[in-house]
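This report concerns only the one structure given below.
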Amino acid sequence: MLIIDPSAKISPLADIEDSIRGTRIKICERVAIDAFVKIKPAGGSGDLEIGAGTVVNSGCVFYTGNGIRIGKDVAIAANCTFAPVNHEYLKRDVLIVAQGFRPSKGGIEIGDDVWIGANCVALDGARVGNGCVIGAGSVIRGVLESYGVYGGNPLRMLGTRV
Numbered sequence: 001m002l003i004i005d006p007s008a009k010i011s012p013l014a015d016i017e018d019s020i021r022g023t024r025i026k027i028c029e030r031v032a033i034d035a036f037v038k039i040k041p042a043g044g045s046g047d048l049e050i051g052a053g054t055v056v057n058s059g060c061v062f063y064t065g066n067g068i069r070i071g072k073d074v075a076i077a078a079n080c081t082f083a084p085v086n087h088e089y090l091k092r093d094v095l096i097v098a099q100g101f102r103p104s105k106g107g108i109e110i111g112d113d114v115w116i117g118a119n120c121v122a123l124d125g126a127r128v129g130n131g132c133v134i135g136a137g138s139v140i141r142g143v144l145e146s147y148g149v150y151g152g153n154p155l156r157m158l159g160t161r162v
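Taken in order, the sequence shown gives residues 1 to 162; the numbers are from the UniProt record's numbering.
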């Protein structure tokens, strides 16, 4: 089910797939979604909500998996991937694509007023607090405390917001 606020600005070159399994995709007021953004209900039945005033730049990909909640007034730079799902792979005698998915780590939650730099990847179980800044090229996993500045791979705290 697609729920798109009339004030949202979505490029005609964005690709937002509707779910056949009942996943709810909600795009709130004043959201801006650039060209070549892909939203794909895959890997689970979690919902996706993009909060008011959020900007999603070109080339970002959202797999709904175990669910994604993006807060208000978030800036997401180009080419970021949100993947709240993991393939199972432990059985060596079964092809990975035939093993299904691992148990959920709770999806992805991004707080309000967050800036995510270009080419970041957010993984299942990521919790990003309000006001965080995530450096370009980071892998986002686990809990990032509010108002931290994070970067590198694996993530390490670089300082606090002034």
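Think of the CB as a built atom: it goes at the ideal place given N, C-alpha and C, for glycine as much as any other residue. What you are looking at is a predicted structure, and each value in this text was computed from that prediction instead of being measured.
Whole angstroms is fine: what's the gap from residue i's alpha carbon to residue j's?
{"i": "residue 27", "j": "residue 61", "result": "15 Å"}
{"i": "residue 138", "j": "residue 114", "result": "14 Å"}
{"i": "residue 58", "j": "residue 71", "result": "19 Å"}
{"i": "residue 97", "j": "residue 106", "result": "22 Å"}
{"i": "residue 9", "j": "residue 25", "result": "15 Å"}
{"i": "residue 127", "j": "residue 101", "result": "20 Å"}
{"i": "residue 75", "j": "residue 112", "result": "10 Å"}
Quick one: using the 10 Å Cβ neighbour count with 16 as the cut-off for buried, is residue i buried or exposed?
{"i": "residue 3", "result": "exposed"}
{"i": "residue 35", "result": "exposed"}
Helix, strand or coil: how does DSSP classify residue i here?
{"i": "residue 133", "result": "strand"}
{"i": "residue 114", "result": "coil"}
{"i": "residue 94", "result": "coil"}
{"i": "residue 102", "result": "coil"}
{"i": "residue 88", "result": "coil"}
Compute the beta-carbon to beta-carbon distance between residue i and residue j, rounded to the nearest angstrom, for a pair I have assumed lies under 8 Å.
{"i": "residue 54", "j": "residue 31", "result": "5 Å"}
Given a cut-off of 9 Å, decide if residue j and residue i are closer than it, judged by their beta-carbon atoms.
{"i": "residue 120", "j": "residue 134", "result": "yes"}
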